[in-house]
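One structure is given below, encoded as structure tokens.
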Amino acid sequence: MEKERVHKTQVLVIPLPVQGHINPMLQFSKRLASKGLKVTMVTAFSNNEAMETQENSIEFEPISDRLEESNNIENMVKWFQSQASKRLPELIVNQENHGYPISCLVYDSAMPWILDLAKGLGIFGASFFTHSCAVASIYYNLHQGLLKVPLEEPLVSLAGLPSLKAHDLPSFVYDPGSYPSFLKLVISRFSNITEANWIFFSSFDGLEKEVISWMRTLWPIKTIGPTIPSIYLDKRLKEDTDYGFGCFNPNTDTCMKWLDSKEEASVVYISFGSMADLGKEQMEELAEGLKMIKNNFLWVIRGSEMEKLPSKFLEETSVKGLVLNWCPQLEVLAHRSTGCFVTHCGWNSTLEAVSLGVPMVVMPQWTDQTTNAKFVSDVWNVGLRVEVNQNGIVPKEEIELCIREVMQGERGKGIKRNSVKWRELAKEAVDEGGTSDKNIEEFVAQLLCKPC
Ligand code: UDX
151 MEKERVHKTQ VLVIPLPVQG HINPMLQFSK RLASKGLKVT MVTAFSNNEA METQENSIEF
211 EPISDRLEES NNIENMVKWF QSQASKRLPE LIVNQENHGY PISCLVYDSA MPWILDLAKG
271 LGIFGASFFT HSCAVASIYY NLHQGLLKVP LEEPLVSLAG LPSLKAHDLP SFVYDPGSYP
331 SFLKLVISRF SNITEANWIF FSSFDGLEKE VISWMRTLWP IKTIGPTIPS IYLDKRLKED
391 TDYGFGCFNP NTDTCMKWLD SKEEASVVYI SFGSMADLGK EQMEELAEGL KMIKNNFLWV
451 IRGSEMEKLP SKFLEETSVK GLVLNWCPQL EVLAHRSTGC FVTHCGWNST LEAVSLGVPM
511 VVMPQWTDQT TNAKFVSDVW NVGLRVEVNQ NGIVPKEEIE LCIREVMQGE RGKGIKRNSV
571 KWRELAKEAV DEGGTSDKNI EEFVAQLLCK PC
């Protein structure tokens, strides 16, 4: 009887259709489904092949049969809003008619208008933050006028956070003129937040203790991360895989065979996520730096970025290097051969590396990555942050030095010890009875109790 009731309770999960937002919300959806809820995830367009072959615990509903052809995120966000604001109400009525009323919209915090829609339809609304609590608290301080841009002081002190220099803050804050509309977007998350029935964070309590405690003085937030399938946290590789789905196709076989052939903790993995766009000069320095290291390396360069590579790089490094357009990152980070991750510090990559115990060299590019990098290098001590020269470039010598330090140096030893500690804490959080697991259980129980 109880089981039937659980299955009839449905949530709609609505991420912004970009990889860094889809991944954590998809993993959260699967955890909700594993607790007995019916979960439907709203996608931008119909990519049935990827969805049907890789997922069966949740359902997918496209809002369109094609994705807006635009490289511009702002336009894509506008397009998504115009499609979703028409399609979501239809979808909700349709599900109700089929006997699966929707109890709650779990929406990407970047789309606060969905909460208004939920309230208008008499449905619960839960805001999901795909970045860290630290970053959210900085944006909240801006929203409240407690932090002002342009910055007035060289050091910023905010409740629950370490002192932050300008370049430890998100780029939209230290350089507010660069993406004014994004700055507006990230702040708008708080416009109606007090109306949300739940607020979720893709993080875990132990990782951001102080800032989470502070935030709980404002709202009863729930951490539900790390949003990584347990198979990776348990290191039970080869028994199962769970790549998720998204906007890119991983070169899985080539990648895993190559990693299998390498020695334990010997490989440097380099990736800058789904959006970061390195300048040509920076790509060349990175390429030269990788030529200088003694280790094998696996470098993910998205197709659109390949032309920035120095012309002979692939031939010159073919013995020790493998370059791919996309890889199954969780598999790579969980692989025994991976010893270090050179990353742009997107929140998902950061959380994945922390949770899988992989030491990092961090090269933040923009948005929240600078703040994540500060925590990696100075708070959790699980990586080194590269220094940028006066021209805004990280030179090859610096890249080589940081990788050498992490892989073979004295500082690397401490970093490796800390990485193991954080990996264990991450696993504890999502294991049965852990803080994140309990938060998810509580949400499911509350949803079942609340009258629709
Ligand atoms: C964006 C922002 O840049 C980031 O700062 C913000 O916190 C979230 O949204 P993105 O740049 O793509 O995301 O970086 P990240 O957050 O690290 O997400 C990338 C995701 O793609 C990760 O889950 C990673 O596992 C996956 N990935 C990346 C792959 O599966 N294969 C790859 O080859 C590279």
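Position in the sequence shown counted from 1, then plus 150, gives you the working numbering.
We put the CB at the ideal spot given by N, CA and C, even for glycine.
**Prompt:** residue 351 and residue 585 look like a contact to me (Cβ under 8 angstroms); what is the Cβ gap, rounded to whole Å?
**Reply:** The count along the sequence shown starts at 1 and reaches residue 351 at position 201. The count along the sequence shown starts at 1 and reaches residue 585 at position 435. Going by Cβ atoms, the distance from residue 351 to residue 585 rounds to 11 angstroms, so no, they are not a contact pair.
**Prompt:** Mind checking residue 386: buried by the 16 CB within 10 Å criterion, or exposed?
**Reply:** Numbered from 1 along the sequence shown, position 236 holds the residue referred to as residue 386. Residue confidence is low: residue 386 scores 37 on pLDDT, short of 50, so the model does not pin down where it sits. No coordinate-derived value is stated.
**Request:** In angstroms with no decimal places, state the Cα-to-Cα distance between residue 155 and residue 593.
**Result:** For this step, residue 155 is matched to residue 5 along the sequence shown. For this step, residue 593 is matched to residue 443 along the sequence shown. Note that residue 155 scores 49 on pLDDT, short of 50, meaning its location in the model is unreliable and no value can be drawn from it.
**Asked** How is the beta strand (DSSP E) around residue 346 delimited, first residue to last?
**Response** On the sequence shown, position 196 is the one that residue 346 refers to. It is not in any beta strand (DSSP E) - residue 346 carries neither H nor E in the DSSP assignment.
**Item:** N-terminal and C-terminal residue of the beta strand (DSSP E) that residue 254 is part of
**Value:** Counting from 1 along the sequence shown, the entry for residue 254 is found at position 104. 252-258 is the extent of the beta strand (DSSP E) around residue 254.
**Prompt:** What do you reckon, is the C-beta of residue 287 under 8 angstroms from a heavy atom of the ligand UDX?
**Reply:** Position 137 of the sequence shown holds residue 287. No, since every heavy atom of the ligand UDX falls outside the 8 angstroms radius drawn around the Cβ of residue 287.
**Prompt:** The alpha helix (DSSP H) spanning residue 434 covers which residue range?
**Reply:** Within the sequence shown, the letter at position 284 stands for residue 434. From DSSP, the alpha helix (DSSP H) with residue 434 extends over 430-442.
**Prompt:** residue 244 to residue 160, Cα distance in whole Å?
**Reply:** If you number the sequence shown from 1, residue 244 lands on position 94. If you number the sequence shown from 1, residue 160 lands on position 10. About 13 angstroms.
**Request:** Could you give the DSSP three-state label for residue 300: helix, strand or coil?
**Result:** The count along the sequence shown starts at 1 and reaches residue 300 at position 150. In the structure shown, residue 300 sits in coil (DSSP, three-state: anything other than H, G, I, E or B).
**Request:** Determine the direct distance from the alpha carbon of residue 442 to that of residue 551, and round the result to whole angstroms.
**Result:** Residue 551 sits at position 401 when you count from the first residue of the sequence shown. Residue 442 sits at position 292 when you count from the first residue of the sequence shown. Roughly 10 angstroms between the two C-alpha positions.
**Residue burial classification, residue 283 (beta-carbon count within 10 angstroms, cutoff 16)** = Mapped onto the sequence shown, residue 283 falls at position 133. So residue 283 ends up on the buried side.
**contact_flag[the region 295-305, the region 367-387] where n(CB pairs < 8 angstroms) is 3 or more** = no
**Message:** Could you check whether residue 314 and residue 288 sit closer than 9 angstroms to each other, using their CB atoms as the reference points?
**Reply:** The count along the sequence shown starts at 1 and reaches residue 288 at position 138. The count along the sequence shown starts at 1 and reaches residue 314 at position 164. Contact: yes.
**Request:** Alpha carbon to alpha carbon, how far is residue 305 from residue 356? Give it in angstroms, no decimals.
**Result:** Walking along the sequence shown from the start, residue 356 turns up at place 206. Walking along the sequence shown from the start, residue 305 turns up at place 155. Near 26 angstroms, if we compare the C-alpha coordinates of residue 305 and residue 356.
**Request:** Would you mind reading off the limits of the alpha helix (DSSP H) that contains residue 566?
**Result:** Numbered from 1 along the sequence shown, position 416 holds the residue referred to as residue 566. First-last of the alpha helix (DSSP H) with residue 566: 560-580.
**Request:** Quick one: using the 10 Å Cβ neighbour count with 16 as the cut-off for buried, is residue 344 buried or exposed?
**Result:** Numbered from its first residue, the sequence shown carries residue 344 at position 194. It is exposed - the Cβ of residue 344 has fewer than 16 other Cβ atoms within 10 Å.
**Prompt:** If we call anything under 9 angstroms between Cβ atoms a contact, is residue 510 one with residue 529?
**Reply:** Against the sequence shown, residue 510 aligns to sequence position 360. Against the sequence shown, residue 529 aligns to sequence position 379. Not a contact, by the Cβ cut-off of 9 angstroms.
**Request:** Using 8 angstroms as the cut-off, classify the Cβ of residue 518 as near or not near the heavy atoms of the ligand UDX, replying yes or no.
**Result:** Translated into the one-based positions of the sequence shown, residue 518 becomes position 368. Yes; taking the cut-off as 8 angstroms, the Cβ of residue 518 has a heavy atom of the ligand UDX nearer than that.
**Prompt:** Quick one, are the C-beta atoms of residue 377 and residue 539 less than 9 angstroms apart?
**Reply:** Your numbering for residue 377 matches position 227 in the sequence shown. Your numbering for residue 539 matches position 389 in the sequence shown. No, they are not a contact pair.
**Prompt:** Excluding the five sequence neighbours on either side, which residues of its own chain have a C-beta within less than 8 angstroms of the C-beta of residue 360, listed in chain order?
**Reply:** The residue you call residue 360 lines up with position 210 of the sequence shown. Around residue 360: 310 and 311.
**Prompt:** Who does residue 535 pair with in a DSSP beta bridge?
**Reply:** Counting from one through the sequence shown, the residue named residue 535 turns up at place 385. Answer is 512, bridged to residue 535.
**Asked** Near residue 182, which residues of its chain fall below 6 angstroms by C-beta distance, leaving aside the five closest residues on each side in sequence?
**Response** Taking the first residue of the sequence shown as position 1, residue 182 is located at position 32. Within the same chain, residue 182 has close Cβ partners 189.
**Asked** In angstroms, rounded to a whole number, what distance separates the CA positions of residue 400 and residue 454?
**Response** If you number the sequence shown from 1, residue 400 lands on position 250. If you number the sequence shown from 1, residue 454 lands on position 304. Each residue's Cα considered, the two are about 15 angstroms apart.
**Limits of the alpha helix (DSSP H) - the one that residue 265 falls within** = Residue numbering aside, residue 265 sits at position 115 when the sequence shown is read from its first letter. First-last of the alpha helix (DSSP H) with residue 265: 263-270.
**Request:** Please go through the same chain and pick out, in chain order, the residues whose beta-carbon is closer than 8 angstroms to the beta-carbon of residue 564, but skip the five residues on each side of it.
**Result:** As a first step, residue 564 must be located in the sequence shown, where it is residue number 414. 531, listed in sequence order.
**Request:** Give the DSSP bridge partners of residue 449, in chain order.
**Result:** For the purposes of this step, residue 449 is taken as the residue at position 299 of the sequence shown. Per DSSP, the beta bridge partners of residue 449 are 420 and 473.
**When 444, 478 and 374 are compared against residue 407, the one with the closest alpha-carbon** = By 1-based counting over the sequence shown, the position of residue 407 is 257. With distances taken between Cα atoms, residue 407 lies closest to 478.
**Request:** State yes or no: is the C-beta of residue 227 within less than 9 angstroms of the C-beta of residue 175?
**Result:** Locating residue 227 in the sequence shown gives position 77, where the first residue counts as 1. Locating residue 175 in the sequence shown gives position 25, where the first residue counts as 1. For residue 227 and residue 175, no; Cβs fall outside 9 angstroms.
**Request:** Please classify residue 188: does DSSP put it in a helix, a strand, or coil?
**Result:** Taking the first residue of the sequence shown as position 1, residue 188 is located at position 38. If DSSP states are grouped into helix, strand and coil, residue 188 belongs with the strands.
**Message:** Just to confirm, is the Cβ distance from residue 450 to residue 474 under 9 angstroms?
**Reply:** For this step, residue 450 is matched to residue 300 along the sequence shown. For this step, residue 474 is matched to residue 324 along the sequence shown. Closer than 9 angstroms, so yes.
**Request:** May I ask which residues mark the beginning and end of the beta strand (DSSP E) holding residue 164?
**Result:** For the purposes of this step, residue 164 is taken as the residue at position 14 of the sequence shown. Taken as a continuous stretch (DSSP letters only), the beta strand (DSSP E) holding residue 164 covers 160-164.
**Message:** Rounded to whole angstroms, what is the Cα-Cα separation between residue 423 and residue 527?
**Reply:** By one-based count along the sequence shown, residue 423 stands at place 273. By one-based count along the sequence shown, residue 527 stands at place 377. CA-to-CA, the gap between residue 423 and residue 527 works out to about 19 angstroms.
**Message:** Suppose you measure from the CA of residue 575 to the CA of residue 504; what does that come to, to the nearest Å?
**Reply:** Start at 1 with the first residue of the sequence shown, and residue 575 comes out as number 425. Start at 1 with the first residue of the sequence shown, and residue 504 comes out as number 354. Each residue's alpha carbon lies about 10 angstroms from the other.
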